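Enquirer: Quick one: the structure is below, questions incoming.
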Amino acid sequence: MEAAPQFHAKTGARLPGPSAVFSWLPETPILTQNFHVPDNWLVEVVRSKYDLDNIKLELVESNVVSEYELENLLVEGHCFEQSTGNPPRGLQFTLGTQHDPVMVDTIVMANLGYFQLKANPGAWHLDLREGRSKDLYGITR
């Protein structure tokens, strides 16, 4: 699959993206259309004429057409104090770029040491939040 949009060489018109066609499906059961993607991909329907969780083909005029978009990725992790092995209490992370070092932030769950941040595809810097987190903790790579 090609991620970048494609254009006709002579007319400059945008070419259609990837598609899937399913023929001869039963018309009476209720069908669902969705994606099976990694859990940390946040995919949203951006265009569809029908409720994609309750498709009855006998009520569909012609085709069920939908367009999806990868809205965000979840950056996930676990962290623990090196000395005790316990999750760090009150630890906060930031995620940003070289030009904008703090775009999103999160706090580590005290019971599991789990954290997550929403991001788009690209190169990011994970850092400790200024203040108590940076004063008390460090990141071991």
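Counting in this note's numbering, the sequence shown runs without a single skipped number right up to 808 at its last residue.
Cβ coordinates follow ideal geometry from the N, Cα and C atoms, glycine included.
All values derive from a computational prediction rather than experimental measurement.
Please state whether the Cβ-Cβ distance between LEU793 and LEU758 is less than 7 Å.
Expert: In this structure, LEU758 does not lie closer than 7 Å to LEU793 by Cβ.
Enquirer: Within the same chain, show all residues whose beta-carbon is closer than 6 Å to that of HIS745, passing over the 5 residues directly before and after it, in chain order.
Expert: Cβ within range, chain order: GLY780 and TYR781.
Enquirer: Output the boundary residues of the alpha helix (DSSP H) element that contains LEU803.
Expert: LEU803 -> alpha helix (DSSP H) spans 799-803.
Enquirer: Mind reading off the beta-carbon distance from LEU724 to GLN700? Whole number of angstroms is fine, and I expect it under 8 Å.
Expert: The pair is not a contact, with the Cβ atoms about 11 Å apart (cut-off 8 Å).
Enquirer: Nearest by alpha-carbon distance to VAL732: which of GLU738, PHE760 and ARG714 is it?
Expert: Of the candidates GLU738, PHE760 and ARG714, the one whose C-alpha sits nearest the C-alpha of VAL732 is ARG714.
Enquirer: Tell me the DSSP secondary structure of GLU728 in three-state form.
Expert: In this structure, GLU728 counts as coil in the three-state DSSP scheme.
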